[in-house]
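The listed protein sequences derive, respectively, from chains A and B.
68 is the number that numbering that gives the first Met the number 0 gives to position 69 of the first sequence; each next residue is one higher, with no gaps.
249 is the number that numbering that gives the first Met the number 0 gives to position 250 of the second sequence; each next residue is one higher, with no gaps.
Down below is the structure, laid out as structure tokens.
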Amino acid sequence: MATTMPQPGAAAPAQNDVLVDIRGLKVHFPIRGGLIGQTVAAVKAVDGVDLQIKRGEVLGLVGESGCGKSTLGRAVLQLIKPTAGTVTFDGEELTTMGTNHLRRKRADMQMVFQDPYSSLDPRFTVGNVINEPLGNFNYGNRAQTDERIRYLLRVVGMSPNILNRYAHEFSGGQRQRIGIARALALNPKFIVADEPISALDVSIQAQVLNLLADLQSEFNLTYMFIAHNLSAIKHLSTRVAVMYLGHIAEIGPADEVYANPQHPYTIALLSASPYPDPDMEKTRKRIILTGDVPSPVNPPSGCPFHTRCWKAQAICREQYPPLESKPGTNVAHLAACHFPGQ
Amino acid sequence: MAPQPSESQREAESLQHMGEIAPAAEVGEKVGEKVAIPDEGERSHPTFATRARSALRAVWADPRLICGAVLVALLLMAIFAPWIAPYPPLKYHPTIAARPPSLAHWLGTDALGRDQLSRVIYGARISLSVGAGAIVLGGLVGAFLGILGGYARGWVDQIITIVVDALLAFPSLILALAIAAALGSGITNVVIALAVVRIPLYARLARGQTLQVRALDYVTAARAVGTPAWRILLRHIFPNIFSPLLVQATLSISFAILDESVLSFLGLGAQPPTPEWGTMISDAQPYLTGATAPWMILGPALAITITVLCLNLFGDAMRDRLDPRTAGKVDSASLASGAQE
Chain A
0 MATTMPQPGA AAPAQNDVLV DIRGLKVHFP IRGGLIGQTV AAVKAVDGVD LQIKRGEVLG
60 LVGESGCGKS TLGRAVLQLI KPTAGTVTFD GEELTTMGTN HLRRKRADMQ MVFQDPYSSL
120 DPRFTVGNVI NEPLGNFNYG NRAQTDERIR YLLRVVGMSP NILNRYAHEF SGGQRQRIGI
180 ARALALNPKF IVADEPISAL DVSIQAQVLN LLADLQSEFN LTYMFIAHNL SAIKHLSTRV
240 AVMYLGHIAE IGPADEVYAN PQHPYTIALL SASPYPDPDM EKTRKRIILT GDVPSPVNPP
300 SGCPFHTRCW KAQAICREQY PPLESKPGTN VAHLAACHFP GQ
Chain B
0 MAPQPSESQR EAESLQHMGE IAPAAEVGEK VGEKVAIPDE GERSHPTFAT RARSALRAVW
60 ADPRLICGAV LVALLLMAIF APWIAPYPPL KYHPTIAARP PSLAHWLGTD ALGRDQLSRV
120 IYGARISLSV GAGAIVLGGL VGAFLGILGG YARGWVDQII TIVVDALLAF PSLILALAIA
180 AALGSGITNV VIALAVVRIP LYARLARGQT LQVRALDYVT AARAVGTPAW RILLRHIFPN
240 IFSPLLVQAT LSISFAILDE SVLSFLGLGA QPPTPEWGTM ISDAQPYLTG ATAPWMILGP
300 ALAITITVLC LNLFGDAMRD RLDPRTAGKV DSASLASGAQ E
């Protein structure tokens with residue numbers, strides 16, 4: 000069961016320091032079955048997440064496929080309706096907000112999608128794509144809008160002359176830039192980047208990553224940066240959260256988590272990324288997790304990771320470990336494990 | 000148009016018209032050949048010349064588009080029937096009944112001595128307008144219901160699905176018969192009957208397509224940038240499911256035309272003296288079996304065949320071109336720069 004523990008230790012940040020405050024967030028997708036299509040079970044994609052994102056920070060969210068990180072990202076933006084819990088954005092509660100109010104609020108929170116192919120309407124020209132948010136919020140007259148679109152294209156490193164061309168004429172990296180321009184159009188405060196580079200060629204990944212980093216400092220953006228690979232977000236994130244089966248397994252300042260991982264799952268994830276130095280690489284001890292990720296329909300009792308953990312003991316099967324600061328680590332570094340550390 | 004000419008003058012005149020009308024749609028395309036080839040600088044401001052040129056190129060690349068010209072010709076034929084038809088379609092000439100095709104009567108005459116060609120030309124009015132009317136009406140209502148159900152889901156979707164499935168449980172022609180019979184005979188009621196039986200087809204197609212499209216990231220992206228639901232339906236969903244609907248529509252206009260003939264044959268559609276392809280075929284039927292006047296069926300049968308064939312081929316060609324992913328040649332700019340996927 001999810002424990003909604005108050006976060007001990009971590010010096011409670013001043014309220015206006017926190018841009019996004021997620022409390023006890025759950026997203027369960029009903030599985031319908033039977034004769035009359037009643038709900039017979041639920042996929043517990045996000046199962047009780049507490050998370051605070053501070054202004055100006057980049058929170059990296061990692062975890063393997065199916066752990067609920069994308070669902071969490073979408074639920075934060077209310078693109079998927081959460082089953083339970085609250086999301087407070089910039090002091091306003093989003094989960095109970097009316098449709099129109101929420102729609103206006105969307106100007107402040109945007110999303111960059113994983114798949115640059117399906118995230119752009121094939122019938123829209125580049126100009127249409129970037130104009131859509133501007134038009135929704137009555138940005139200005141035609142000339143002003145046009146100027147804004149050209150500016151945004153320059154900002155993301157594209158030529159403003161492509162306005163009348165269709166998205167399918169561009170490569171994945173270019174399309175992703177167009178998607179980023181769309182997300183920036185309304186001057187948002189917060190951007191959820193849902194694996195923005197994982198669908199791109201390796202040679203393009205760094206470019207887009209650098210672009211996102213540049214934009215973050217230039218426009219003072221706050222990111223929730225979702226990835227399935229710790230090394231990809233290493234140089235971008237201020238803090239890193241590791242997610243496993245709908246729960247936060249570990250969260251803390253990026254350097255801390257990388258240098259001193261507490262949760263066995265984080266340790267295993269980190270051991271999977273190669274070192275750039277060949278000598279170091281030889282000494283790398285890889286931890287290969289056995290077994291599959293358990294089904295989020297029937298998550299394991301206690302700690303959800305115990306089925307694959309080499310340290311698991313009886314208590315792990317019985318009790319969900321609270322997400323708390325562990326001895327010998329930074330107070331802002333929390334892990335949900337009964338037997339933390341190396 | 001012209002002062003009442005004598006019979007032979009009218010005929011000669013109409014022949015000229017026919018000769019002109021048939022390739023009429025090509026005239027516009029030929030213009031493109033004569034004009035100067037525009038330079039690259041004109042790309043962003045397409046003139047008539049560049050448009051004509053790219054239209055010509057499109058036809059060259061896909062001859063099926065010629066069917067569009069044939070359909071336009073059929074449409075013009077229907078609109079200008081009074082000026083094109085060599086004889087009044089309703090005038091009896093018992094003395095020349097059931098004549099084979101001749102110079103005076105290209106498609107022969109029917110059992111009452113009426114000119115078959117004139118009747119075929121006038122018949123295009125009813126067949127095309129009933130076919131198009133039924134498809135547009137049924138297509139709009141069906142697409143609206145399907146998109147609504149597919150996007151809204153929940154109880155709205157369930158109710159629409161139940162109604163649509165109930166309609167589908169009837170054989171469409173029987174249902175159309177029942178509706179037309181209940182409403183009474185007449186062209187308008189035939190249009191309504193044929194439209195109603197086509198609603199489920201479009202509703203299901205539109206719903207299935209909507210379910211696919213709404214799950215795509217660009218719809219989520221539209222919501223994320225604050226696009227209201229109605230605008231998402233109008234600007235993202237409808238345009239992206241339009242191609243299959245259009246293909247379905249062009250393909251089923253032909254079925255609507257056939258069904259309409261059946262209803263007319265059964266006395267529910269066009270009333271007897273009115274020239275209509277379906278009734279003409281059923282009128283000709285007795286003369287076909289005895290081989291007494293087999294040509295009598297030629298005109299209406301050819302008219303239906305050409306119309307249906309052209310609708311089908313043109314529908315396919317439109318499908319290929321309307322989808323920017325498969326087209327790649329929609330605007331001349333991308334063709335010129337060779338930017339094709």
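All C-beta atoms in this analysis are idealised placements derived from N, C-alpha and C, irrespective of residue type, glycine included.
The model shown is predicted, which means the values in this text are computed figures rather than measured ones.
Local conformation of residue i per DSSP, three classes
i               : result
T94 of chain A  : coil
V201 of chain A : helix
T306 of chain A : coil
V17 of chain A  : strand
K29 of chain B  : With a pLDDT of only 40 at K29 of chain B, under 50, the local geometry of the prediction cannot be trusted, and the value read off the model is given with reservation. Looking at K29 of chain B - three-state DSSP - the assignment turns out to be helix.
D145 of chain A : helix
G178 of chain A : helix
I287 of chain A : coil
G185 of chain B : coil
R98 of chain B  : coil
H235 of chain B : helix
F79 of chain B  : coil
M157 of chain A : coil
A228 of chain B : helix
V296 of chain A : coil
A104 of chain A : A quick correction: the sequence has Lys, not Ala, at residue 104 of chain A. Looking at K104 of chain A - three-state DSSP - the assignment turns out to be helix.
F47 of chain B  : helix
L55 of chain B  : helix
K233 of chain A : coil
T328 of chain A : coil
P339 of chain A : coil
A68 of chain B  : helix
F136 of chain A : coil
G301 of chain A : coil
Environment of residue i [buried if 16+ CB atoms lie within 10 Å]
i               : result
E92 of chain A  : exposed
P170 of chain B : exposed
Q261 of chain A : buried
Q77 of chain A  : buried
V330 of chain A : exposed
W154 of chain B : exposed
H104 of chain B : buried
V296 of chain A : exposed
D164 of chain B : exposed
H246 of chain A : buried
W276 of chain B : buried
V34 of chain B  : Residue placement at V34 of chain B is flagged as unreliable, the pLDDT there being 41, under the threshold of 50; the coordinate-derived value follows with that caveat. Result: exposed.
G327 of chain A : exposed
R342 of chain A : What the structure shows of chain A is the stretch from 0 to 341, and residue 342 of chain A is not part of that stretch, so it cannot be assessed.
V26 of chain B  : At V26 of chain B the pLDDT is 39, less than 50, meaning the model places this residue with poor confidence; the figure from the coordinates comes in the next sentence. Exposed, since its Cβ has fewer than 16 Cβ neighbours within 10 Å.
P99 of chain B  : exposed
T278 of chain B : buried
Sheet register partners of residue i (DSSP bridge)
i               : result
F224 of chain A : A:G59, A:A192
V26 of chain A  : A:V45
I428 of chain A : Since the first residue shown for chain A is 0 and the last is 341, residue 428 of chain A is missing from the structure and cannot be characterised.
A334 of chain A : A:E249, A:E323
G107 of chain B : In DSSP, G107 of chain B forms no bridge with anything.
V111 of chain A : A:A192
Y165 of chain A : A:T124
G32 of chain A  : A:Q37
D114 of chain B : B:T108
Residue i beta carbon near the ligand FMN (any heavy atom closer than 7 Å)
i              : result
L24 of chain A : In the structure shown, the ligand FMN is absent, as is every other ligand, since no ligand is present at all.
Three-pair Cβ contact test at 8 Å for the stretch 279-289 of chain A versus the stretch 106-117 of chain A: The stretch 279-289 of chain A makes no contact with the stretch 106-117 of chain A, as fewer than three CB pairs between them are under 8 Å.
List in chain order: all unbroken alpha helix (DSSP H) runs of 4+ residues lying wholly within the stretch 36-93 of chain A. Taken in chain order, the unbroken stretches of alpha helix (DSSP H) that lie wholly in the stretch 36-93 of chain A and span 4 residues or more are 68-75.
Could you say if the stretch 123-138 of chain A and the stretch 219-226 of chain B meet the contact criterion of at least three C-beta pairs nearer than 8 Å? Contact annotation: the stretch 123-138 of chain A touches the stretch 219-226 of chain B, with at least three C-beta pairs closer than 8 Å.
Ordered list of beta strand (DSSP E) runs contained in the stretch 130-175 of chain B, each at least 3 residues: As far as the stretch 130-175 of chain B is concerned, it has no whole beta strand (DSSP E) run of at least 3 residues.
Kindly confirm or deny that the stretch 217-233 of chain A and the stretch 179-193 of chain A touch, where touching means at least three C-beta pairs closer than 8 Å. Yes, since at least three Cβ pairs between the stretch 217-233 of chain A and the stretch 179-193 of chain A fall closer than 8 Å, the two stretches touch.
Under 8 Å, with one C-beta from each stretch per pair, do the stretch 143-150 of chain A and the stretch 111-131 of chain A reach the 3-pair mark? Contact between the stretch 143-150 of chain A and the stretch 111-131 of chain A is present: three or more C-beta pairs spanning the two stretches fall below 8 Å.
4-residue-minimum alpha helix (DSSP H) runs that sit fully inside the stretch 249-326 of chain B, ordered along the chain: Given a length threshold of 4 residues, each whole run of the alpha helix (DSSP H) inside the stretch 249-326 of chain B is given here in chain order: 276-288, 297-321, 323-326.
Is there contact here, the stretch 132-148 of chain B with the stretch 235-252 of chain B, by at least three beta-carbon pairs under 8 Å? By the Cβ rule, the stretch 132-148 of chain B counts as touching the stretch 235-252 of chain B, because three or more pairs are nearer than 8 Å.
Touching by the beta-carbon criterion (3+ pairs, under 8 Å), the stretch 119-131 of chain B and the stretch 297-311 of chain B: Judged by Cβ distances under 8 Å, the stretch 119-131 of chain B makes contact with the stretch 297-311 of chain B, as three or more pairs qualify.
Closer than 8 Å is the cut-off here; do at least three beta carbon pairs connect the stretch 231-250 of chain A with the stretch 37-49 of chain A? Yes, they touch.
Inspect the CB distances between the stretch 63-71 of chain B and the stretch 300-311 of chain B and report whether three or more fall short of 8 Å. By the Cβ test, the stretch 63-71 of chain B is in contact with the stretch 300-311 of chain B, since at least three Cβ pairs between them sit closer than 8 Å.
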